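Here the structure comes first, spelled out in structure tokens, and everything after it is commentary.
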Amino acid sequence: MRIELEISKCIGSGSCEMLAPNVFEVGNDGLAKLLDASPGSDMESEVRAAEESCPTQAIKVEH
Ligand code: SF4
0 MRIELEISKC IGSGSCEMLA PNVFEVGNDG LAKLLDASPG SDMESEVRAA
50 EESCPTQAIK VEH
């Protein structure tokens, strides 16, 4: 799967990092970063949870 992070929408809530810490990290600048833009399918449920949790729909997941 491929993840796109629309960083201009990120408000640094941190829920993506909390739910999928191997894929997202909130940096010192308060914005999320992608640690892995194309994680394996074993990460799907975590990534989906992060996508759904994002309050600003900054995370898009493509298959
Ligand atoms: S859940 Fe969304 S708004 Fe919150 S840190 Fe992650 S990308 Fe940014």
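With numbering that gives the first Met the number 0, letter number 51 in the sequence shown gets 50, and the count goes up by one each step, no holes.
Ideal placement from N, C-alpha and C gives every residue a C-beta, glycine not left out.
Note that the structure is a prediction, hence the values are computed from the model and not measured.
- Residue environment for Glu51: exposed (fewer than 16 other C-beta atoms within 10 angstroms of its C-beta).
- Taking 7 angstroms as the cut-off, the C-beta of Ser7 does not count as close to any heavy atom of the ligand SF4.
- DSSP, read as helix, strand or coil, puts Leu18 in helix.
- Of the candidates Met0, Arg1, Gly13 and Ile2, Gly13 places its Cα closest to the Cα of Pro54.
- Ile2 places its beta carbon less than 8 angstroms from that of Val22.
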